[in-house]
Each structure stands twice: as C-alpha cells, then as structure tokens.
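Peer 1: This is the structure I have questions about; it appears just below.
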Amino acid sequence: MRNKPEPGILTWGVIIVVTGLILYLFERILWLVVPGLLALVGYYCLQPLVQALVRAGLKHRTAGKVVTGLLFLVTVLGVILLLSLATTRAAGWQAVTAHYVQGGLDFLGKTEAQLGEKLPLMKRSALVQSTPTNLDAAAGQFVEKYLGRLLLQMIYWLPSLLLVPYLTYFILQDGNRFKKHMIRSVPNAFFEKTLLLFDRVDRSLQSYLIGMVKLTFLDTACLGLGLWLLGISYPILLGLIAAVLAWLPYVGSLAGCVLVVMVAATDFPNELVTIYGCMVLFLCVRLLDDFVFLPLTVGRSLRFHPVLSVLMLFLGAAVAGPAGLLLVLPVLGVVAVITETLGQVLTDERLRKRYRHARQLQRTMAEVG
Amino acid sequence: MKWSFNFLRGSADDQRIENLKGLSLFKRLTARELRELDELLHERSYQKDEVIFDEGDTGLGLFIVLSGRVKIVSSHAALQRLAPEFGPGDCFGELALFEEEQRTARAVALEPTQVLALFRSEFVSLLERDRGIGVKILFELSRTVVWRSRKLLANEPHLPTV
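In order, the protein sequence lines correspond to chains H and G. Mapping the first sequence onto the numbering used here, position 19 (from 1) lands on 22, and the numbers just tick up by one. Mapping the second sequence onto the numbering used here, position 115 (from 1) lands on 276, and the numbers just tick up by one.
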C-alpha cells in the first residue's frame, strides 16, 4: 500500500476554519443536527439487522421497513413512558436532586473546614468562612434554577427526538441509493477517488459513532459495578449518566465524577473512604478507557494529537457552546478526511488531465453529432 | 444485452438481477445474493477514447464490461500480449480487489462503453458479512486469474511453470 502524503499546514488551516464554520451552522440548526446524528447512530446499529433480514430472503426495502417500524414503536413507547414519568414524578425528582445537591455542598463545606484546620492559610479564606451559612440557600437556588429548566429542555427536545426513527428509516432505505446517485454525478476521472472518499468518511463515522456506543455500555457496566460494590444508590443510572457525560471530552469525565461524589457524600456523609473510593473508581475507569476500551472500540478513528484536540475543544465551545464541545471532534475528523482526499484529487495533475481530455471528447462528440 | 439501470425505480428489479446473473463472474450467485451484491455495484459510462484508469494509478476496484470494448495498453510487453482487449462480460483490473497497488496497464474505451465497478473496500465488507457470496465470486475470479497466468506463461517459455 502506498503511503498517503501528510496534510500540510495550509490544509490544516482550511480544516480548522471549515470545522469552525460547520459548528457555527450546526449550532443554529441543533434541533435537526441532534436527531440527524442519532439517526446515523441508529443506521449504523440497525444496518447489520437489515442485512441479516436480506440474507434471510427479504427484499432490502422490506427489511428496512420492518426494522425501522420496530424502532419507531420502541421510540414512541419510550417517549410516552418518559413523559408520563416526568409529569408524575417531577416533584419527587426535584426533592431527590435538592437532597443530593445539599449533600454535595455539605461535603464541600466539611472538606474545606478540615483543610482549614490543617492549613492555617485556608482558615482565613473568605470562601471557608462564608460556606456553611450559604449552603442551604445555594442548594435550594440550584434546584429551583436548573432542574425546572432541565425538565423544560427535555420536553422541548422530545419532538426532535421523534424525528430520529423517521430519519433512520430514510437512511436505511435510500442511503445507499442516494450515495450511488451522488457518485454517478461525479466525472469519470474522479470516480475511484470519490468512492475512496465516501468509504473513508463512512468508516470514520461508523467506527467513531458505534465505538462511542460500545464505550458507553462498557463504562456504564464498569462504573455501575464499582458503585454497586461501594454501596452507592442508583449505581446503574449514575454509571449511565457518567458514561454519557464522558462523551464531552475531558470535562465530561470530571462532571461525571463530581455527580457521583455528590451522591456518595449524601449517602455516606461520614465515610470519607467511600467518597474517595468513588474518585479512585473514576480514575481507574478513565485509565481503562484510555488504554483498553478506546483502542478496542473507537480505535484510531477521529483521534488527533492531544494538543490539537484540546485547542479544538476550546474552539468548539467558543463557537457553539456545549454542542460545540460534543460535536467538534467528529466534525473535525470528517472535515479532515474530506479535505485531505479533495486535496489529493485537486493536486493530482494526471486526474485533472484525464478530466480535461474527457471534456474535450464530449465537446468533439457534440460538434460531430 | 440491454441495460437500463434506473436507481430511482429501485435497483433490485428482476430484469437487472437476470442481467447480473448473465455475467460469468456472478453466474454462481442466487437471486438473493445478486440483490445483495447489486447494492455495491456502480455503473459508469465512458465515451470512445476515454481513459478508464491509467498505468500507475492506485487500483481501487474491479471493472466488468457490460457493453462496448476496452483496450488495454501496458508498458509491460507480456501484459500487453496477454489481453489486449475486453468485451461484454469480461472483467479487468481484478488484482485491485486483492491489494492496493499501482495499476500495471491503462484501460481505454474503444467505443461508447458501459462498465460495472466493484470497489475493493465494499467487496471486503461484503466478504465479512456474507462469506458465501465472497467464496463464489472469489472462485470465479481465481479461475480468471489462473487462466490469464497460464496464458502469460505459455507466451513466456523462459518462465518456469509449476
């Protein structure tokens, strides 16, 4: 196999600028981008099932309809269940959240007080002196301010989520046909390179999205098991939330850890060993992720140098907020693949010469005809 | 042979499957297998004298002639003598299905020509999910490669035969 030339600094400049522009656009149409992305995940997850049904003798269109029909049914049932739960238990959730926020803030205050005893410098800190009196009010304010908003956001996103099975259906039914149509419109000279481009984008997206789904399952299982052994409440739910939060590179893991520590501090306010045990558990799962799970699931797809990743996360957050944080690396990966391949095609003099020759032949034919 | 591939009407219609069945490379496949394979095939049309691929290009897939004729021009004399021309039903560029190496010959359409292309990466994914289809196609491809190797050796008496 021939080595691909490495993209130069100009190419990387173009990749970063285009990524920023796409993120800006995505932030404006997030209501469509999120279901679109979930539909892609659904497509990659369900495609093997459709292929299995085709192998069993069904026509491709029928197999697609059967599978997406099931997906639609599951989604509608899920939404109905979620809505009924949200309406009947909202008050209960608010109380539980307030309870755990309070527990987390108590733990924070206690830790600061202990630090103040051991380190005289910390004793004079304004934060330590003011913390105990502000804790109750802060917990109440936090719950009032954010939980209601979170529930409203969930209701706001539900119609968009209903788009997921609909989009998945069209990608499963006509995705391949649409791809073939696009390839047919490409001039013959660039045909093979276009196939290569589609293949690279498809593989990168598939291994990233499916890899992330597998990684979420693995993280949920490890964290759930660890938290259950430590005796923390809701181990699987907390593991799942922490694993989903980890989709946000770097900051997500930290947020997950803070959440679990908050719960542990409330369940076991006087057992520092359990609380620190949760932190150690997170550290272990993080290490497992980086050295075992990530290479096994996501592989090297869409993985960049850590410095570039961090810089791009800042760019993503600045351009598109939390959505930018989540989307920046996959978008960067796809843009990099497209730009690199387009760069190779546009700078290949042989291909351009072949294209000009074909155009010339077309003109000659038109004149003769 | 009349080819009317209209993807908007659905690619897996019976006539199309029958046409695929008529190609020697796919003659062992069942209708169900042909439908699955059909999802991966790309149809291209070339004008007279248009280059399909060039010597030195990175080979990415195999081509099958549906109609028209294709001339092979190579700087390697033996290859040039081996198969100077391909017609309907013939396949060429088959080594690109096995490895991403440079093409050893140039393929040019001698007249308005329609070909089907099978991209290596898509073929490999088909092999992974349905080995039955892969074995049948690879068997026919191996026969073609063996036949061409024998022909090459017959023209080059100084090469040892095994």
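The beta carbon of each residue, even a glycine, is placed where N, CA and C say it ideally should be.
Let me know the secondary structure DSSP gives Leu190(G) once reduced to three states.
Peer 2: As a first step, residue 190(G) must be located in the second sequence, where it is residue number 29. Residue state, collapsed to three classes: coil.
Peer 1: Could you check whether the region 99–116 of chain H touches the region 173–189 of chain H, counting it as contact only if at least three pairs of C-beta atoms, one from each stretch, sit closer than 8 Å?
Peer 2: Flag = no, the region 99–116 of chain H and the region 173–189 of chain H do not touch.
Peer 1: Taking Asp270(H) as the reference, which of Gln347(H), Ala245(H), Arg353(H), Val104(H) has the closest Cα?
Peer 2: Here residue 270(H) is taken as the residue at index 267 of the first sequence, counted from 1. For Asp270(H), the nearest C-alpha among the options comes from Val104(H).
Peer 1: Considering only C-alpha positions, which residue in the set Asp109(H), Leu175(H), Leu122(H), Ala94(H) is nearest to Lys68(H)?
Peer 2: For this step, residue 68(H) is matched to residue 65 along the first sequence. Nearest of Asp109(H), Leu175(H), Leu122(H), Ala94(H) to Lys68(H), Cα basis: Leu175(H).
Peer 1: Contact criterion: CB-CB distance below 8 Å. Does Glu289(G) meet it with respect to chain H?
Peer 2: The count along the second sequence starts at 1 and reaches residue 289(G) at position 128. Answer no: the Cβ-Cβ gap between Glu289(G) and chain H never drops below 8 Å.
Peer 1: Give the residues of chain H in contact with Gln208(G), contact being defined as C-beta atoms less than 8 Å apart.
Peer 2: Taking the second sequence and counting its residues from 1, one reaches residue 208(G) at position 47. Here the neighbours are Ala361, Leu364, Gln365, Met368.
Peer 1: Mind checking whether Ala378(H) and Phe29(H) have CB atoms under 8 Å apart?
Peer 2: The structure shown does not extend to residue 378(H), since chain H is modelled only from 4 to 372, so the question has no answer here.
Peer 1: Distance, Cα to Cα, Cys281(H) vs Phe220(H)?
Peer 2: Here residue 281(H) is taken as the residue at index 278 of the first sequence, counted from 1. Here residue 220(H) is taken as the residue at index 217 of the first sequence, counted from 1. Those two C-alpha atoms are separated by around 19 Å.
Peer 1: Take the Cβ of Thr91(H) as the centre, count every other Cβ of all protein chains shown within 10 Å, and call the residue buried at 16 or more, exposed below.
Peer 2: Counting from 1 along the first sequence, the entry for residue 91(H) is found at position 88. Burial call: exposed.
Peer 1: Taking the straight line between their C-alpha atoms, what separation do you get for Leu221(G) and Glu261(G)?
Peer 2: The count along the second sequence starts at 1 and reaches residue 221(G) at position 60. The count along the second sequence starts at 1 and reaches residue 261(G) at position 100. Rounded to the nearest angstrom, the two C-alpha atoms are 6 Å apart.
Peer 1: Please classify Ala268(G) as buried or exposed, where buried requires at least 16 other C-beta atoms within 10 Å of its C-beta.
Peer 2: As a first step, residue 268(G) must be located in the second sequence, where it is residue number 107. Flag for Ala268(G) reads buried.
Peer 1: Out of curiosity, what's the CA-to-CA distance linking Arg193(G) and Glu200(G)?
Peer 2: Walking along the second sequence from the start, residue 193(G) turns up at place 32. Walking along the second sequence from the start, residue 200(G) turns up at place 39. Cα to Cα, the separation comes out at about 12 Å.
Peer 1: Which residue marks the beginning of the beta strand (DSSP E) containing Phe280(G), and which one marks its end?
Peer 2: In the second sequence, residue 280(G) corresponds to position 119, counting from 1. Phe280(G) -> beta strand (DSSP E) spans 274–280.
Peer 1: Name the residue from Ala266(G), Arg189(G), Gly295(G) whose alpha carbon lies nearest to the alpha carbon of Ala238(G).
Peer 2: Counting from one through the second sequence, the residue named residue 238(G) turns up at place 77. With distances taken between Cα atoms, Ala238(G) lies closest to Ala266(G).
Peer 1: Taking a cut of 8 Å between CB atoms, which residues from the region 214–226 of chain G lie near chain H?
Peer 2: The region 214–226 of chain G vs chain H, Cβ under 8 Å: Phe214, Asp215, Gly217, Asp218, Thr219, Leu221, Gly222.
Peer 1: Use the C-beta contact count for Cys252(G): other C-beta atoms within 10 angstroms, 16 or more gives buried, fewer gives exposed.
Peer 2: In the second sequence, the residue the question calls residue 252(G) occupies position 91. That one is buried.
Peer 1: Are Pro168(H) and Thr78(H) touching if we call contact CB-CB under 8 Å?
Peer 2: On the first sequence, residue 168(H) is found 165 positions in, with the first residue counted as 1. On the first sequence, residue 78(H) is found 75 positions in, with the first residue counted as 1. Yes. Within cutoff.
Peer 1: Using a C-beta to C-beta distance shorter than 7 Å, which residues of chain H count as neighbours of Ser282(G)?
Peer 2: Translated into the one-based positions of the second sequence, residue 282(G) becomes position 121. Neighbours of Ser282(G) on chain H, chain order: Asp202.
Peer 1: Does the CB of Leu198(H) have a neighbour CB from chain G at under 8 Å?
Peer 2: Locating residue 198(H) in the first sequence gives position 195, counting from the first residue. By this cut-off, Leu198(H) is an interface position.
Peer 1: For the structure I just gave you, are there three or more beta carbon pairs, one from the region 31–40 of chain H and one from the region 158–172 of chain H, closer than 8 Å?
Peer 2: These segments touch.
Peer 1: Relative to the alpha-carbon of Thr223(H), which residue among Ile244(H), Ser236(H), Arg206(H) has its alpha-carbon at the smallest distance?
Peer 2: Along the first sequence, one-based indexing puts residue 223(H) at 220. Out of Ile244(H), Ser236(H), Arg206(H), Ile244(H) has the C-alpha closest to the C-alpha of Thr223(H).
Peer 1: Closest to Glu246(G) by CA distance: which of Leu256(G), Ile225(G), Leu190(G), Phe259(G) is it?
Peer 2: Indexing the second sequence from 1 puts residue 246(G) at position 85. Glu246(G) has its Cα closest to that of Ile225(G), out of Leu256(G), Ile225(G), Leu190(G), Phe259(G).
Peer 1: Identify the continuous beta strand (DSSP E) that holds Lys232(G) and give its terminal residues.
Peer 2: Indexing the second sequence from 1 puts residue 232(G) at position 71. Start and end: 231–234.
Peer 1: At which residues does the alpha helix (DSSP H) containing Gly242(H) begin and terminate?
Peer 2: For the purposes of this step, residue 242(H) is taken as the residue at position 239 of the first sequence. Counting along the chain, the alpha helix (DSSP H) containing Gly242(H) begins and ends at 238–248.
Peer 1: Assuming Leu354(H) and Phe193(H) form a contact by the criterion Cβ under 8 Å, report the distance between their Cβ atoms to the nearest whole angstrom.
Peer 2: If you number the first sequence from 1, residue 354(H) lands on position 351. If you number the first sequence from 1, residue 193(H) lands on position 190. The pair is a contact, with the Cβ atoms about 6 Å apart (cut-off 8 Å).
Peer 1: Report yes or no: is there a C-beta of chain G within less than 8 Å of the C-beta of Asn191(H)?
Peer 2: What you label residue 191(H) is simply residue 188 of the first sequence in a count that begins at 1. Yes, its Cβ sits closer than 8 Å to a Cβ of chain G.
Peer 1: Less than 7 Å between C-beta atoms, sequence neighbours within five positions excluded: which residues of the same chain meet that for Leu240(G)?
Peer 2: Within the second sequence, the letter at position 79 stands for residue 240(G). For Leu240(G), where only same-chain residues beyond five positions count, the Cβ hits under 7 Å are Thr265, Ala266.
Peer 1: What residue range is occupied by the uninterrupted alpha helix (DSSP H) comprising Tyr27(H)?
Peer 2: Here residue 27(H) refers to the residue found at position 24 when the first sequence is read from its first residue. From DSSP, the alpha helix (DSSP H) with Tyr27(H) extends over 12–31.
Peer 1: Mind listing the chain G neighbours of Phe194(H)? Cutoff is C-beta to C-beta under 7 Å, in chain order.
Peer 2: Numbered from its first residue, the first sequence carries residue 194(H) at position 191. Ordered by position in chain G, the residues that pass the 7 Å Cβ test against Phe194(H) are Arg205.
Peer 1: Check the Cβ of Val53(H) against every Cβ in chain G and list those closer than 7 Å, keeping chain order.
Peer 2: Position 50 of the first sequence, counted from the first residue, corresponds to residue 53(H). Near Val53(H) there are no residues of chain G at all, since even the closest Cβ is about 11 Å away, more than 7 Å.
Peer 1: Could you name the residues of chain H that Arg193(G) contacts, counting a contact when the two beta carbons are closer than 8 Å?
Peer 2: Walking along the second sequence from the start, residue 193(G) turns up at place 32. Going along chain H in sequence order, the residues near Arg193(G) (Cβ under 8 Å) are Val57, Arg58, Gly60.
Peer 1: Can you tell me the Cα-Cα spacing of Arg196(G) and Leu212(H), whole angstroms?
Peer 2: For this step, residue 196(G) is matched to residue 35 along the second sequence. For this step, residue 212(H) is matched to residue 209 along the first sequence. Near 28 Å, if we compare the C-alpha coordinates of Leu212(H) and Arg196(G).
Peer 1: With 8 Å set as the bound, which would you pick, yes or no: does the beta-carbon of Arg353(H) sit closer than that to a beta-carbon of chain G?
Peer 2: Here residue 353(H) refers to the residue found at position 350 when the first sequence is read from its first residue. Closer than 8 Å to some Cβ of chain G, the Cβ of Arg353(H) qualifies, so yes.
Peer 1: Give the straight-line distance between the Cα atoms of Arg239(H) and Ala268(H), rounded to the nearest whole angstrom.
Peer 2: For this step, residue 239(H) is matched to residue 236 along the first sequence. For this step, residue 268(H) is matched to residue 265 along the first sequence. It is worth fixing the name first, because residue 239(H) is Ile in this sequence and not Arg. In a straight line, the C-alpha of Ile239(H) is about 18 Å away from that of Ala268(H).
Peer 1: Report the rounded CA-to-CA distance for Val295(H) versus Asn273(H), giving the unit in angstroms.
Peer 2: By one-based count along the first sequence, residue 295(H) stands at place 292. By one-based count along the first sequence, residue 273(H) stands at place 270. If I take the Cα positions, the gap works out to 34 Å.
Peer 1: Helix or strand or just coil, what does DSSP make of Ala244(G)?
Peer 2: Position 83 of the second sequence, counted from the start, is the residue given in the question as residue 244(G). Correct three-state label for Ala244(G): coil.
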